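Engineer:
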Amino acid sequence: MAESPPSETQLDIELYYTRANDFFREFSKDGSRNTLESAIENADIVVCHAPKGSTKYLKMAWMLAHLVSQRGDVQDGVPVDLERSVCLFNTWLEEAPDSHFERPFVCCLLAGVLKDRFGYSKNREDLEEALRLAYKAVERSDLDPTYHLMYLRTVQEQLESIYKSFDELEVLDRLILARRHVLEESTKRDDPERWRDMDDLERGLYQRFEKTGNIADLQEALPLAKAVLLDEAIEAYRTALASTYLSNDDRAMISSNLAIALQARYETSGAAEDIEEAVSKARDSVSWTAAQSNQRAVRLNGLGTSLSCLYNRFERLENLNEAIDCAREAVKCASRGSDHGMYLSNLSTKLSRRYNSTHSDEDRSESVMLARKAVEVTPKSEWMRYATYTHNLATRIYEEYLSTVELEPNVGKLEEAISWSRIAFDCTPKTHTDWSDYAYWLGWRQMALATCATDVEKGWALFDEGIETLKEASMPESASPMQRLRAARAAALMLMCRERWAEANELSTKTVALLSHVSPRSMMRQDMQFRLSGLSNLSTFAAVASLNSGSGPEEALALLEMGRGLIFGFLIGNRADVSDLGSINPDISSQYDEIREQLTQISISSSIRGDVVHHRQELTKRLTTLEDQIRELPGLSRFQLPASGDELKELASEGPLVSFNVTKFRSDAFIVTSKSIIVLPLPALHEVDLQTNVRKIIGKSRLTKCTLVQRNTSNKHLAKILIWLWEVAVKPVMNYLGLTGATSSTASDLPRLWWVTSGLMGLMPLHAAGSGWDESLENTASRCVSSYVHTMKALAHSRSRAKQPNRTVPDRVLAVHTPQMNEEGWADLNTAPEMAAITTAASRAGLPCAVLESPTVSSVIDEMRRSPIVHFACHGDPSFDDPSQTSLVLRADTTTPDGHMTVDQLFDETHQHAQLAYLSACCTAQQYDEGLIDEGIHLGSVFQLMGFPAVVATLWEADDGAATEVAGAFYRRLLGRSGGRLGEMEDGRVARCLHDAMAELRGKRLGRRKRKAEDVLAWAPFVHVGI
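With UniProt numbering applied, the sequence shown has no gaps in its numbers, which climb one by one up to 1027 at the end.
Here is the structure:
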């Protein structure tokens, strides 16, 4: 028989009350389950037997409610302890006097329990009631002002829960206001937790920027308007970390949030230093987080995300492997809870990325399995997460489909991928930042399904459905410019396939305009290059859509120019001559020059500390505002704007400008003369033929890079390409222009012509097209003197530089050569004859010539600044992956360990008295990265940007003997005619001297039977760039 409970008179209430308090304090320290049970047992006895309303009863009643909620037992999926805790708290609120000093405290405790119950019930009323209780606690904090700050923080916590669960902007606004109140109070009290409050506020500000900020405006100037929220957050995090009063938990939390903010800014600014710092801070966050902390999974996930982003930028597999390790550990740390699906999905994504790199079937299979599991464990009511995970699953299944395409396409996989993609699309509001991504991939997969349709009519219907989805994806202003551009580009291309030209034109025009937002000039140059990689054919297709929709050639050419040479265009704008402005308004001119100089110095100097990205963006905004003011001044309405049609025609006053545009839809030559702008259709120029021949000219397997034994065969192949090039492209242009030419004519007898070399045609030797050089008229050289320029803006820049007043008359030639190579893989060069030819020509002209043999990079750059004419005879090292790393090979030193003078180093150099740069090295006018083909990043173009109005460069490997003969013949003509004074560059003397020097080489004999004209590999690489 069970023992009867003690009577009230037998019960020592004081003893159980003391025990309950002691166990409560002990549990607060050790968190032991046994201690918790003992505390509950003793508190329960007091609540059952103490007089209702007594001090001991009221104290034990809320303590029991709190302890039971901490135990959190669940039976059959029902949180029985949370339910009992809510009842106990409500009983306390009913029985305690309204003026009881602990009433606001109990309201806060009950609010916390209701928030926990929401995790099971998903009933919003739980959270709303919790918020009402928190507000009530703040209202009644006069009963116990000591805890006023804690009550404010409780309001903040409840609003956080509602916002996290329902993603409503109105709730976020209230949350930010609550966080401001918390920070004001904690600052007033000099509370040691104020840094946490600052962190909370800045995180909320960042979230609101992400949700409502105009991202296109953000990319123009982060510090202004709503974008200031993100920069404020970053600065606040940095300030917080500098505090010496932080606990390990606080330091970990702030480091984590700083990493998140830096990564977010990287996604809009493209600044590599942001993502590198993000990884560093995420590492710090993990190192400060205890192994048993419930935040460890969050911090590991953050580090994994930053590492993945770093891998996307630099493609270092070790970054991705580490990211996967972090994601695996995060999954283990969070095997239960509402975030489990997120960690599963993130690990799935990272494994998929590694599969794309290593093609491991094991990674692909595991990735799909994890993606399915993430969807399974996520309730549909949590629509944001559910959409993310279904989108991820759709992508993983689509990858499975792609793996079957080469053998036998598994259409069932594709249909399943579309089904999941549609779910993500349908359950996400258009205002959400991810909606555009979901729409883009749904549209793309619909296109893929259309190609699998056996019924033609059904296939075109699916195709058109995909177009509409892609068009929708390009519209939301909530999407980033890159998201919108990607979708608009795909939609426009598909519209062209359907010959819906008017729609394609409208969309393409908007797409080209977005390019400047994707790569704003406030970006660091390398970051801009990364952003533009792969976008090089946008303006090519835009020009086609423009023409086919009925627009005129001037409008189509403007689109073509808008999307080409963006990096050089921004730099040219920062260096352009603004003397006209100085004569009209000296004060504004001075401000303008000062800002441009600061922008340049940020690029050059690594000693400038602080937030470089922030500073660049602020300066760029000021520069843009100032340019708008300048355009209001008389005569400057087109200040720093793209050239108008009349300005382009003026640019062609010294000879026609020809720009090719080749696509699968049509091929044309845009021809600008002093009187007109026309488009010349080229029906025989097919994109597939051009692509085939380009592969033979550039790349690691180019035919120009051949052995002596292979040379004769390579020459024959190249000769065939040049005949094809003449027939399909160059000859029709010559005939239209009426350039009939004359055999055995010198350059002085021929007109000049500029090839504007963007796109694939820019990789071809247009100056050498045809055959029968110097014997017939079926070649370029017999019809005109050729010059190359990447964009029309670059030509205008060179003209402007050459015409600047007070230019120093050249009195010095700098000749640089590197005959002996100590670096492995580089052969020695016989540069002595070339140096002798240059020094002899300079001596005869009365010009001093400084010769540097195997100099260092720093010494050459220093000497160049004092030398209007510079000549390089050395190895050129083309970069196939990054054109900005193409270089001239000099001598290594501690400053430049590899001895390479790269395009990237020269970007920031300027030469106030430059006249001529002669680059007698391999591949100095060639670019190999087709993803940046419209940017024209090579050594020849960067010397032009530096200020050299005339550059001699090479399209492929320069033969030692030919280099010597061409250089000697060139300098004899150039310096012999100058009488020791090179004079102005705009008379075209450099181009004509090079033209005649190559003719002289072609006229020489190769033994008894052959002329050097047949050795195209020897004479054809030399080209003139500029004026």
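Where is the CB? At the ideal position from N, CA and C, for every residue including glycine.
From a predicted model like this one, the values you see are computed outputs, not experimental measurements.
Look at the alpha carbon of residue 725 and the alpha carbon of residue 689, and state the distance between them as a whole number of angstroms.
Structural biologist: Against the sequence shown, residue 725 aligns to sequence position 725. Against the sequence shown, residue 689 aligns to sequence position 689. Spanning the two alpha carbons is a distance of roughly 10 Å.
Engineer: Excluding the 5 residues flanking residue 377 on each side, which residues of the same chain have their C-beta closer than 6 Å to its C-beta?
Structural biologist: Along the sequence shown, one-based indexing puts residue 377 at 377. 340, 341.
Engineer: With DSSP as the reference, label residue 869 as helix, strand or coil.
Structural biologist: Position 869 of the sequence shown holds residue 869. Residue state, collapsed to three classes: strand.
Engineer: Just the Cα atoms here: how many angstroms apart are residue 437 and residue 88?
Structural biologist: Here residue 437 is taken as the residue at index 437 of the sequence shown, counted from 1. Here residue 88 is taken as the residue at index 88 of the sequence shown, counted from 1. Those two C-alpha atoms are separated by around 48 Å.
Engineer: Helix, strand or coil for residue 1028 per DSSP?
Structural biologist: Nothing can be reported for residue 1028: it is not among the residues displayed for the chain, which extend from 1 to 1027.
Engineer: For the pair the segment 937-953 and the segment 911-927, tell me if three or more CB-CB distances fall below 8 Å.
Structural biologist: Enough Cβ pairs lie closer than 8 Å, so yes.
Engineer: Please name the residue in 833, 705, 669 whose C-alpha comes closest to that of residue 1029.
Structural biologist: This structure cannot speak to residue 1029, because the chain is shown only from 1 to 1027.
Engineer: Taking the alpha-carbon of residue 397 as reference, which of 445, 429, 387 has the nearest alpha-carbon?
Structural biologist: The residue labelled residue 397 in the question sits at position 397 within the sequence shown. Answer by Cα proximity: 445.
Engineer: Is the beta carbon of residue 208 closer than 8 Å to that of residue 260?
Structural biologist: As a working note, residue 260 is residue 260 in the sequence shown. As a working note, residue 208 is residue 208 in the sequence shown. Result no, Cβ atoms of residue 260 and residue 208 do not sit closer than 8 Å.
Engineer: Based on DSSP bridge pairs, tell me the residues matched to residue 667.
Structural biologist: Position 667 of the sequence shown, counting from 1, holds the residue named residue 667. Paired residues: 662.
Engineer: By the DSSP assignment, the alpha helix (DSSP H) with residue 173 in it spans what residues?
Structural biologist: Along the sequence shown, one-based indexing puts residue 173 at 173. Element bounds for residue 173: 169-188.
Engineer: Taking just the CA atoms, how far does residue 441 sit from residue 559?
Structural biologist: One-based indexing of the sequence shown puts residue 559 at position 559. One-based indexing of the sequence shown puts residue 441 at position 441. Straight-line Cα distance between these residues: approximately 27 Å.
Engineer: Would residue 201 and residue 180 qualify as a contact pair, given that the criterion is a beta-carbon distance under 8 Å?
Structural biologist: Position 201 of the sequence shown, counting from 1, holds the residue named residue 201. Position 180 of the sequence shown, counting from 1, holds the residue named residue 180. Yes, these two residues count as a Cβ contact at 8 Å.
Engineer: Candidates 911, 539, 408: which alpha carbon is nearest residue 863's?
Structural biologist: On the sequence shown, position 863 is the one that residue 863 refers to. Of 911, 539, 408, the residue nearest in Cα terms is 911.
Engineer: Excluding sequence positions up to five away, which residues of its chain have a Cβ less than 7 Å from the Cβ of residue 502?
Structural biologist: Taking the first residue of the sequence shown as 1, we reach residue 502 at position 502. The answer, listed in chain order, is 549.
Engineer: If you draw a straight line from the alpha carbon of residue 499 to that of residue 402, how long is it in whole angstroms?
Structural biologist: Locating residue 499 in the sequence shown gives position 499, counting from the first residue. Locating residue 402 in the sequence shown gives position 402, counting from the first residue. Taking the straight line joining both Cα atoms gives about 28 Å.
Engineer: For residue 1028, report the span of its beta strand (DSSP E) as first-last.
Structural biologist: Outside the displayed span of the chain (1 to 1027) sits residue 1028, for which this structure offers no information.
Engineer: Can you tell which of 407, 384, 454 has the C-alpha that lies nearest to the C-alpha of residue 423?
Structural biologist: Counting from 1 along the sequence shown, the entry for residue 423 is found at position 423. Selected option, being the one with the closest Cα: 384.
Engineer: Tell whether a beta-carbon distance below 8 Å holds between residue 421 and residue 394.
Structural biologist: Stepping through the sequence shown from its first residue, residue 421 is reached at position 421. Stepping through the sequence shown from its first residue, residue 394 is reached at position 394. Result yes, Cβ atoms of residue 421 and residue 394 sit closer than 8 Å.
Engineer: State the beta-bridge partners of residue 32 as determined by DSSP.
Structural biologist: Start at 1 with the first residue of the sequence shown, and residue 32 comes out as number 32. DSSP output for residue 32 lists no bridge partner at all.
Engineer: Alpha carbons only, please: which of 968, 869, 1025, 745 is nearest the one belonging to residue 945?
Structural biologist: Counting from one through the sequence shown, the residue named residue 945 turns up at place 945. Ranking the options by Cα distance to residue 945, first place goes to 1025.
Engineer: For residue 1052, which three-state DSSP category applies?
Structural biologist: With the chain covering 1 to 1027 only, the question about residue 1052 has no answer from this structure.
Engineer: Taking the alpha-carbon positions, what's the residue 540 to residue 885 distance?
Structural biologist: Residue numbering aside, residue 540 sits at position 540 when the sequence shown is read from its first letter. Residue numbering aside, residue 885 sits at position 885 when the sequence shown is read from its first letter. Answer to the nearest angstrom: the Cα atoms are 26 Å apart.
Engineer: Could you name each continuous alpha helix (DSSP H) segment of 4 residues or more that falls completely within the segment 758-812, going from the start of the chain to the end?
Structural biologist: Whole alpha helix (DSSP H) segments, 4+ residues: 792-803.
Engineer: Using CA coordinates, which residue listed in 652, 593, 777, 643 is at the minimum distance from residue 624?
Structural biologist: Counting from one through the sequence shown, the residue named residue 624 turns up at place 624. If we check each option's Cα against that of residue 624, 593 comes out closest.
Engineer: In whole angstroms, give me the CA-to-CA distance for residue 874 and residue 888.
Structural biologist: Along the sequence shown, one-based indexing puts residue 874 at 874. Along the sequence shown, one-based indexing puts residue 888 at 888. Spanning the two alpha carbons is a distance of roughly 7 Å.
Engineer: Residue 843 to residue 684, Cα distance in whole Å?
Structural biologist: For the purposes of this step, residue 843 is taken as the residue at position 843 of the sequence shown. For the purposes of this step, residue 684 is taken as the residue at position 684 of the sequence shown. Going by the C-alpha atoms only, they are around 50 Å apart.
Engineer: Residues in its own chain within less than 7 Å of residue 1031 by CB, not counting five upstream and five downstream?
Structural biologist: With the chain represented from 1 up to 1027, any question about residue 1031 goes unanswered, as that position is not in the structure.
Engineer: Throw me the rounded Cβ distance for the residue 795 and residue 651 pair, which I believe falls under 8 Å.
Structural biologist: As a working mapping, residue 795 is identified with position 795 in the sequence shown. As a working mapping, residue 651 is identified with position 651 in the sequence shown. With 8 Å as the limit, residue 795 and residue 651 qualify as a contact, their Cβ atoms being about 6 Å apart.
Engineer: On the three-pair Cβ rule with 8 Å, is the segment 713-727 touching the segment 760-770?
Structural biologist: Flag = yes, the segment 713-727 and the segment 760-770 touch.
Engineer: With a threshold of 16 other CB atoms inside 10 Å of the CB of residue 460, please say whether the residue is buried or exposed.
Structural biologist: By one-based count along the sequence shown, residue 460 stands at place 460. Exposed is the call here.
Engineer: Leaving aside the five residues before and after residue 93 along the sequence, list all residues of the same chain whose C-beta is less than 8 Å from its C-beta, in chain order.
Structural biologist: Mapped onto the sequence shown, residue 93 falls at position 93. Contacts found: 103, 106, 107, 110.
Engineer: Can you tell me whether residue 993 is buried or exposed? The criterion is at least 16 other CB atoms within 10 Å of its CB, across all chains shown.
Structural biologist: Along the sequence shown, read from residue 1 onward, the residue named residue 993 stands at position 993. The residue is buried, with at least 16 neighbouring Cβ atoms inside 10 Å.
Engineer: Taking C-alpha atoms, which residue in 134, 833, 748 lies nearest to residue 152?
Structural biologist: Residue mapping note: residue 152 aligns to position 152 of the sequence shown, counting from 1. Among 134, 833, 748, the Cα nearest to that of residue 152 belongs to 134.
Engineer: What number of angstroms, rounded off, separates the C-alpha of residue 346 from the C-alpha of residue 132?
Structural biologist: Along the sequence shown, read from residue 1 onward, the residue named residue 346 stands at position 346. Along the sequence shown, read from residue 1 onward, the residue named residue 132 stands at position 132. Going from the Cα of residue 346 to the Cα of residue 132 covers about 36 Å.
Engineer: Considering just the uninterrupted stretch of the beta strand (DSSP E) at residue 755, what are its terminal residues?
Structural biologist: The residue labelled residue 755 in the question sits at position 755 within the sequence shown. Per DSSP, residue 755 belongs to the beta strand (DSSP E) from 752-756.
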